[in-house]
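Worksheet: the structure to be examined is printed underneath.
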Amino acid sequence: MNKDTITFVLNGKVLLEDLSTALFGFKELIGNLQKKHAKNINIEWEVEDLESHSAKACIRGISELEEGIFAIDKIVKDYDDVAKKVSTGKIRELPKRIQKSVEKITSVINGRIPSITFETDESDYVVHDKQLYEDRGEGNLVYLSFPSESYGAITGRVQALNREGQFRFTLYENTTQKAVSCYLKPDYEEKMREIWGKIAIVEGLVRRDPLTGTPTSIRNVNNITQISELKPGEWREAIGCAPNLLKNESPEEFIRRIRNA
297 MNKDTITFVL NGKVLLEDLS TALFGFKELI GNLQKKHAKN INIEWEVEDL ESHSAKACIR
357 GISELEEGIF AIDKIVKDYD DVAKKVSTGK IRELPKRIQK SVEKITSVIN GRIPSITFET
417 DESDYVVHDK QLYEDRGEGN LVYLSFPSES YGAITGRVQA LNREGQFRFT LYENTTQKAV
477 SCYLKPDYEE KMREIWGKIA IVEGLVRRDP LTGTPTSIRN VNNITQISEL KPGEWREAIG
537 CAPNLLKNES PEEFIRRIRN A
């Protein structure tokens, strides 16, 4: 199946000026890749998804022409290749115009924004500042920290599938409230309808930021377990497990009696 979606994420506290700069570089990067593969083919890039917290933008290529559809697939794969080279310190291997576009995007990496994630349906790459690179001389930069990937589970609130047939949804991780991209198998689509907007444990191949350990995506999702949420005031029913505990005393009297015993 041809790939048609591209995502990038600014991780951290994002100001409007940061977002504007990064989006301009992102638009320029996609434009340069399109000139390479579809110079005379009409392709539109539709904003598929926008997430808050860490600014996350997902776009989808659209073309009515068969050659346009194939060109979009090549652009997505090229974007993947660019991301891999940048994340492994090989940005100098890219064409000059691509380098300049990437440098505009990564120029927003600072204290507030420690990293940027480049993502497609196939993979995701996290780019940090130059402190993660070791200069071996003659412009040869070696990446010192590689993304970790292992089977695991993440708990968070599930958001809806982006569109029918894409089998992708966003999970807001409970601890950090960061958006984690999750990629489903086709037979999970019906089950997803039952847990949209609810808290669940999502199991699969978890990919994490190499520096912070924060999850960035879950691929090959093979199990989703919904977690029941407490209703307001439901905690009061916990006293039912020991109904004679207070013996008609007020909480203050009970605590005082236990303290003085």
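Numbering (this note's numbering), first residue to last: 297 to 557.
Backbone N, C-alpha and C fix where the C-beta goes; we use that ideal spot for every residue, glycine too.
Nothing here was measured: the structure is a model prediction, and the numbers come from that model.
Per DSSP, Gln395 is one residue of the alpha helix (DSSP H) stretching across 392-402. A check of alpha carbon separations from Gly509 across Phe550, Val476, Leu480 identifies Val476 as the nearest. About 22 Å separates the beta carbons of Gly493 and Arg515, which is beyond the 8 Å limit, so they are not a contact pair.
Rounded to the nearest whole angstrom, the C-alpha separation of Val404 and Pro547 is 54 Å. Assignment of Leu315 by DSSP, reduced to helix, strand and coil, places it in the helix class. If you keep only unbroken beta strand (DSSP E) runs of at least 3 residues inside the region 462-506, you get 464-469, 475-479, 495-504.
Counting along the chain, the unbroken alpha helix (DSSP H) around Arg555 starts and ends at 547-556. Straight across, the Cα-Cα distance linking Arg464 with Tyr479 is about 5 Å. In terms of Cα proximity to Asp417, the closest of Asp369, Ser383, Asn556, Lys392 is Asp369. Note that the region 405-414 does not touch the region 329-337; fewer than 3 beta-carbon pairs, one per stretch, sit closer than 8 Å.
In the pairwise beta carbon analysis, the region 467-474 is classified as touching the region 448-455: at least three pairs are separated by under 8 Å. The beta carbon of Leu329 is closer than 7 Å to those of Ile371, Asp374, Tyr375 in its chain, skipping five residues each way along the sequence. When secondary structure is reduced to three states using DSSP, Ile355 falls in the strand class.
Contact between the region 303-323 and the region 359-367 is absent: fewer than 3 CB-CB pairs across the two stretches fall below 8 Å. Straight through space, the alpha carbons of Asn519 and Lys481 are spaced by roughly 10 Å.
Annotated as proximal: Lys381 and Ile387, with beta-carbon spacing under 8 Å.
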